[in-house]
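Residue numbers (this note's numbering): 1 to 327.
Here a beta-carbon is modelled for each residue, glycine too, at the ideal position from N, C-alpha and C.
One structure is given here, and the rest of the page talks about it.
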Amino acid sequence: MSVDRLLPGLVALVLGALAARAIGLTVGLNHLLIAIALGFALANGPGVPDRLRPGIATHKLWLGAGIVLMGASLTLEAILEVGATVLFVVVLVIAVTIVVVEALSRNVFGLAEQLGSLLAAGASICGVSAVVAVAGAIRAREDQIAYAAATVLLFDAITIVVYPIIGGVLGLSDIVFGVWAGVSMFSTGPVVAVGFAYSEVAGQWATMTKLSRNALIGVVVLIYASYYAQQGEGGRPSVGLLWAEFPKFVLGFIALVVLASAGAFSPAQQTAIENAYNWLFLLAFVGLGTEIRLTELRNTGLTPALAVLVSFLAVSAFSLALLVILF
């Protein structure tokens, strides 16, 4: 895609990021959440002009770049200190989420098997990306993919607002809140936004926890593909599909963690990198806000949303209680 097509939208992201930073400093609110609010206001007010769409659509690239750079501020020692515990919680919550969503979808709300599986994948791993990855393995219909994706976006919009409030009311520690957001919220962008809105430490732990969830997308796709293949309804996922949906910024994040652990960055360089990823997150979250559209959320089917809501409340409460006990 040419730079000329991307430039107007990129300028809009930059202006939105600068405005969010200025408003945050003026009124004392978190600038990352303000960035999301500005994008939301644009998308649901005048709408995003066609000439801005290509550039604004790059917001996922800036999010990934910011996550990669964030690796420079962490060390393997800090991660391994509670890494095994976090990994245990991640795997347990993924398994519980899949079982609960599948059970509710099929036995309580009477949803089609494929739709229930898409909802379970989106809720347990990484939102819309997991929905798309699993859909390709179980041959889900387009309308089922749309319902599942819209449901995930609905909960993304709600949790961005609700989680910081709950964390503040309960007085959760930075690590507990960060891991809780990373293990129970759906999509990567909202997790990072909510974590850093709470604190720098919470943001780092939220991101690390979410990345560990995202990295398991291939395992979940293979499990679903095997199950549906046995039922005669699915297909074997290709290596290309798994690689296409794998969050590749995880590899860059790990590389910078290794370099930081080896002392490759001076304190001044780490400060500069921290400023860089904070600005990249601002750009990303302006774009993220434009993805939250009220018209699409209103069109979400009530039954799929109820199935995910019951599961989400149960899993969120369970994971929070578990983390409070462990930490």
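query = What span of residues does the alpha helix (DSSP H) with V257 cover, start to end?
reply = The sequence position of residue 257 within the sequence shown is 257, counting from 1. Per DSSP, V257 belongs to the alpha helix (DSSP H) from 249-261.
request  = Please report the Cβ distance between G168 and Q204, rounded to the nearest whole angstrom; I am assuming they are in contact, meaning their Cβ atoms lie under 8 Å.
outcome  = Translated into positions along the sequence shown, residue 168 becomes position 168. Translated into positions along the sequence shown, residue 204 becomes position 204. Not really, about 19 Å apart at Cβ, beyond 8 Å.
message = Output needed for A206: all residues of its chain with C-beta closer than 6 Å, excluding positions within five of it in sequence on either side, in chain order.
response = As a working mapping, residue 206 is identified with position 206 in the sequence shown. For A206, where only same-chain residues beyond five positions count, the Cβ hits under 6 Å are G178, A181, G182, V191, G195.
query = Expressed to the nearest angstrom, what Euclidean distance is found between the alpha-carbon atoms of I292 and L80?
reply = As a working note, residue 292 is residue 292 in the sequence shown. As a working note, residue 80 is residue 80 in the sequence shown. Roughly 35 Å separates the two Cα atoms.
Burial state of K248 (16 or more Cβ within 10 Å) = What you label residue 248 is simply residue 248 of the sequence shown in a count that begins at 1. When all chains shown are included, K248 counts as exposed.
key: Other residues of its chain near L74: CB distance less than 7 Å, five sequence neighbours each side excluded   = Here residue 74 refers to the residue found at position 74 when the sequence shown is read from its first residue. If we look at L74 and ignore the five residues flanking it on each side, its Cβ neighbours are Q204, V257, A260.
query = Do you know whose CA, among P164, I138, D174, F265, lies nearest I223's CA?
reply = The residue you call residue 223 lines up with position 223 of the sequence shown. When only C-alpha atoms are compared, the closest one is I138.
query = Whose CA, out of A197, I175, A264, D174, lies closest to the CA of V162?
reply = Indexing the sequence shown from 1 puts residue 162 at position 162. The shortest Cα separation from V162 among A197, I175, A264, D174 belongs to A197.
message = Just verifying my parser: in three-state terms, what is the DSSP assignment at N30?
response = Position 30 of the sequence shown, counted from the first residue, corresponds to residue 30. Note: N30 maps to coil in three-state DSSP.
query = If we call anything under 8 Å between Cβ atoms a contact, is A193 one with I160?
reply = Sequence index remark: in the sequence shown, residue 193 carries index 193 (1-based). Sequence index remark: in the sequence shown, residue 160 carries index 160 (1-based). Cβ atoms of A193 and I160: closer than 8 Å.
key: Cβ neighbours of T58 in the same chain (closer than 8 Å, five flanking residues each side left out)   = On the sequence shown, residue 58 is found 58 positions in, with the first residue counted as 1. Here the set comprises L6, G9, L10, L13, G287.
Backbone CA spacing between V375 and V100 [nearest angstrom] = Since the first residue of the chain shown is 1 and the last is 327, residue 375 is not available in this structure.
ask   = So, using beta-carbon positions, are F109 and T303 closer together than 8 Å?
value = Mapped onto the sequence shown, residue 109 falls at position 109. Mapped onto the sequence shown, residue 303 falls at position 303. In this structure, T303 lies closer than 8 Å to F109 by Cβ.
task = Reducing DSSP to helix, strand and coil, say where I292 ends up.
result = Position 292 of the sequence shown, counted from the start, is the residue given in the question as residue 292. Coil at I292, not helix or strand.
query = Can you tell which of F265, P46, A133, H31 has its C-alpha closest to the C-alpha of L328?
reply = Look at the range of the chain in this structure, 1 to 327, and you will see that residue 328 is not part of it.
ask   = If you check the beta carbons only, do A135 and I145 fall under 8 Å apart?
value = Working through the sequence shown from its first residue, we reach residue 135 at position 135. Working through the sequence shown from its first residue, we reach residue 145 at position 145. Contact: yes.
key: Residues near I273 in its chain [Cβ-Cβ closer than 6 Å; skip 5 each side]   = The sequence position of residue 273 within the sequence shown is 273, counting from 1. Excluding sequence neighbours, I273 sits near L69, A72.
ask   = Would the beta-carbon of V152 fall within 8 Å of that of V132?
value = The residue you call residue 152 lines up with position 152 of the sequence shown. The residue you call residue 132 lines up with position 132 of the sequence shown. Contact flag unset, no.
task = Can you have a look at E77 and say buried or exposed, based on whether 16 or more other CB atoms are within 10 angstroms of its CB?
result = Counting from 1 along the sequence shown, the entry for residue 77 is found at position 77. Classification for E77: exposed.
message = Quick check: A121 and V220, are their CB atoms within less than 8 Å of each other?
response = Here residue 121 is taken as the residue at index 121 of the sequence shown, counted from 1. Here residue 220 is taken as the residue at index 220 of the sequence shown, counted from 1. Yes.
ask   = Which value, in whole angstroms, describes the spacing of the CA atoms of V308 and L61?
value = Position 308 of the sequence shown holds residue 308. Position 61 of the sequence shown holds residue 61. V308 and L61: Cα-Cα distance of roughly 28 Å.
ask   = Would you call the CB atoms of L118 and A140 closer than 8 Å?
value = In the sequence shown, counting from the first residue as 1, residue 118 sits at position 118. In the sequence shown, counting from the first residue as 1, residue 140 sits at position 140. Going by C-beta atoms, L118 is nearer than 8 Å to A140.
ask   = Taking the alpha carbon of G127 as the point to measure from, which residue in L282, A215, L322 has its own alpha carbon closest?
value = Here residue 127 refers to the residue found at position 127 when the sequence shown is read from its first residue. Closest by alpha carbon: A215.
request  = Go through the region 54-121 residue by residue and report every complete run of the alpha helix (DSSP H) that reaches 4 residues or more, in order.
outcome  = 59-70, 76-103
query = From this set, T188, A84, V48, A37, which residue's C-alpha is nearest F327's C-alpha?
reply = The count along the sequence shown starts at 1 and reaches residue 327 at position 327. The shortest C-alpha separation from F327 is found at A84.
request  = Please report how far the alpha carbon of A17 lies from the alpha carbon of L283, in whole angstroms.
outcome  = Within the sequence shown, the letter at position 17 stands for residue 17. Within the sequence shown, the letter at position 283 stands for residue 283. If I take the Cα positions, the gap works out to 6 Å.
request  = Classify G178 as helix, strand or coil using the three-state DSSP reduction.
outcome  = Numbered from its first residue, the sequence shown carries residue 178 at position 178. Helix.
request  = Tell me whether the beta-carbon of F285 lies closer than 8 Å to the beta-carbon of I36.
outcome  = As a position in the sequence shown, residue 285 is number 285, starting the count at 1. As a position in the sequence shown, residue 36 is number 36, starting the count at 1. Closer than 8 Å, so yes.
query = Cα separation between Y147 and L115?
reply = Residue mapping note: residue 147 aligns to position 147 of the sequence shown, counting from 1. Residue mapping note: residue 115 aligns to position 115 of the sequence shown, counting from 1. Distance between the alpha carbons of Y147 and L115: 8 Å.
ask   = Can you give the Cα-Cα distance for A22 and E113, rounded to whole angstroms?
value = As a working note, residue 22 is residue 22 in the sequence shown. As a working note, residue 113 is residue 113 in the sequence shown. Roughly 48 Å between the two C-alpha positions.
Assumed close pair I175, V201 - CB separation to whole angstroms, cut-off 8 Å = Counted from its first residue, the sequence shown places residue 175 at position 175. Counted from its first residue, the sequence shown places residue 201 at position 201. Contact holds; Cβ gap of about 7 Å.
inquiry  = Beta-carbon within less than 7 Å of L322's beta-carbon, same chain only, minus the 5 sequence neighbours each way: which residues are those?
reply    = Here residue 322 corresponds to residue number 322 of the sequence shown, with the count starting at 1. Cβ within range, chain order: V89.
ask   = What three-state label does DSSP hand L216 in the structure shown?
value = The residue given as residue 216 occupies position 216 in the sequence shown. In the structure shown, L216 sits in coil (DSSP, three-state: anything other than H, G, I, E or B).
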